[in-house]
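Line by line, the protein sequences give chains X and H.
Under my numbering, the first sequence has 91 at position 105, and the numbering climbs by one with no breaks.
Under my numbering, the second sequence has 68 at position 59, and the numbering climbs by one with no breaks.
The C-beta atom is built at its ideal place from N, Cα and C for all residues, glycine as well.
Small disclaimer: the values here were computed from a predicted structure and weren't measured.
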Amino acid sequence: GNSVTQMEGPVTLSEEAFLTINCTYTATGYPSLFWYVQYPGEGLQLLLKATKADDKGSNKGFEATYRKETTSFHLEKGSVQVSDSAVYFCALPTSGTYKYIFGTGTRLKVLA
Amino acid sequence: GAGVSQSPSNKVTEKGKDVELRCDPISGHTALYWYRQRLGQGLEFLIYFQGNSAPDKSGLPSDRFSAERTGESVSTLTIQRTQQEDSAVYLCASSFIIGNSYEQYFGPGTRLTVT
């Protein structure tokens, strides 16, 4: 079945540093891929998505490209801000159902 | 429009008591999901509904946990005889199934503390 492996955290960066959070997947077919973000004390919210191979999702300066060859969907941002401090989850649907599989989450802390 | 709402936002209960957690999904969303998130942990899938039926309830931890959905709308998660290990944030999400891009919209969660 489908699965997702996410980079372990926590990740601590200085403001304006470059961010990469790795996510790799195994899947039957080509499901949509998602990144969700959870700010402190809140529920999850969709950050970006890609629906097919080579698609690039982007939002709030974050980007992720659906790479079929490497089965990856790494999250990147060129210059992080303190306000980006949150937990980031990679996710994809399970094969044949509408249930999601979420990665374990990567906590990002950005220092001023 | 309105997002997913959950009530109560916080619930403190004594061990052994029953609790009910409510989720109001976005209107028209056919799928509804419940997750549990322990402090500092990832999401633990509990159950999901398609309409009013639950094709997958494999994540319910024990028979003390049950959930129902009515009118393809509101859902209630019930925990009977609560235990301290039930303390967590319970998150609800809903989605509108179309094609293969059915992102989930999450509510703010209910923080349950069992004393």
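Legend entry - Residue from H:Lys20, H:Ser67, H:Phe105, H:Val13 with nearest C-alpha to Ser96 (chain H): Locating residue 96 (chain H) in the second sequence gives position 87, counting from the first residue. The candidate whose alpha carbon is nearest that of Ser96 (chain H) is H:Lys20.
Inset, instruction - Report yes or no: is there a C-beta of chain X within less than 8 Å of the C-beta of Ala97 (chain H)? - result: The sequence position of residue 97 (chain H) within the second sequence is 88, counting from 1. No, its Cβ sits nowhere closer than 8 Å to a Cβ of chain X.
Inset, instruction - Mind checking which residues open and close the beta strand (DSSP E) that includes Arg127 (chain H)? - result: Because chain H is modelled from 10 through 124, residue 127 (chain H) falls outside the range shown and cannot be assessed.
Legend entry - Inter-residue spacing [alpha-carbon to alpha-carbon] between Ser65 (chain X) and Leu5 (chain X): In the first sequence, counting from the first residue as 1, residue 65 (chain X) sits at position 79. In the first sequence, counting from the first residue as 1, residue 5 (chain X) sits at position 19. Roughly 7 Å between the two C-alpha positions.
Legend entry - CA-to-CA distance, Gly27 (chain X) to Ser71 (chain X), given in whole angstroms: Your numbering for residue 71 (chain X) matches position 85 in the first sequence. Your numbering for residue 27 (chain X) matches position 41 in the first sequence. Rounded to the nearest angstrom, the two C-alpha atoms are 12 Å apart.
Inset, instruction - Per DSSP, which residues does Tyr114 (chain H) bridge with? Please list them. - result: Residue 114 (chain H) sits at position 105 when you count from the first residue of the second sequence. Answer is H:Ser103.
Inset, instruction - Apply the 10 Å Cβ neighbour rule to Ala98 (chain X) and answer buried if 16 or more other Cβ atoms are within range, or exposed otherwise. - result: As a position in the first sequence, residue 98 (chain X) is number 112, starting the count at 1. Ala98 (chain X) comes out exposed.
Inset, instruction - Please list, in chain order, all residues of the same chain as Gly37 (chain H) whose beta carbon is under 8 Å from its beta carbon, the five residues on each side excluded. - result: Residue mapping note: residue 37 (chain H) aligns to position 28 of the second sequence, counting from 1. Excluding positions up to five away in sequence, the list reads Phe105.
Inset, instruction - Find out if the Cβ-Cβ distance for the pair Asn(-12) (chain X), Thr56 (chain X) is shorter than 8 Å. - result: Working through the first sequence from its first residue, we reach residue -12 (chain X) at position 2. Working through the first sequence from its first residue, we reach residue 56 (chain X) at position 70. Against a cut-off of 8 Å, the Cβ pair of Thr56 (chain X) and Asn(-12) (chain X) comes out as no contact.
Inset, instruction - Could you tell me if Pro(-4) (chain X) is buried or exposed, where buried requires 16 or more neighbouring beta carbons within 10 angstroms of its beta carbon? - result: In the first sequence, counting from the first residue as 1, residue -4 (chain X) sits at position 10. The residue in question, Pro(-4) (chain X), is exposed, as its Cβ has fewer than 16 Cβ neighbours within 10 Å.
Inset, instruction - Confirm, please, whether the CB-CB distance from Gly43 (chain X) to Val36 (chain X) is below 8 Å. - result: Here residue 36 (chain X) corresponds to residue number 50 of the first sequence, with the count starting at 1. Here residue 43 (chain X) corresponds to residue number 57 of the first sequence, with the count starting at 1. Before going further, note that residue 36 (chain X) is Ala rather than Val in the sequence given. In this structure, Gly43 (chain X) lies closer than 8 Å to Ala36 (chain X) by Cβ.
Inset, instruction - Kindly indicate which residue of X:Gln(-8), X:Leu94, X:Pro17 has the alpha-carbon position closest to the one of Lys63 (chain X). - result: Stepping through the first sequence from its first residue, residue 63 (chain X) is reached at position 77. Minimum Cα distance to Lys63 (chain X) is reached at X:Leu94.
Inset, instruction - Please report how far the alpha carbon of Thr85 (chain H) lies from the alpha carbon of Ser18 (chain H), in whole angstroms. - result: In the second sequence, the residue the question calls residue 85 (chain H) occupies position 76. In the second sequence, the residue the question calls residue 18 (chain H) occupies position 9. Answer to the nearest angstrom: the Cα atoms are 14 Å apart.
Inset, instruction - Take Ala102 (chain H) as the anchor and find which of H:Glu94, H:Arg47, H:Gln92, H:Ile56 has the nearest alpha-carbon. - result: Indexing the second sequence from 1 puts residue 102 (chain H) at position 93. Nearest of H:Glu94, H:Arg47, H:Gln92, H:Ile56 to Ala102 (chain H), Cα basis: H:Ile56.
Inset, instruction - Measure the CB-CB distance between Gln24 (chain X) and Cys9 (chain X) and report whether it falls below 8 Å. - result: Here the question's residue 24 (chain X) lines up with position 38 in the first sequence. Here the question's residue 9 (chain X) lines up with position 23 in the first sequence. Not closer than 8 Å, so no.
Inset, instruction - Mind listing the chain X neighbours of Ala76 (chain H)? Cutoff is C-beta to C-beta under 9 Å, in chain order. - result: Residue mapping note: residue 76 (chain H) aligns to position 67 of the second sequence, counting from 1. Going along chain X, no residue has its Cβ under 9 Å from Ala76 (chain H), so there is no contact; the nearest lies around 14 Å.
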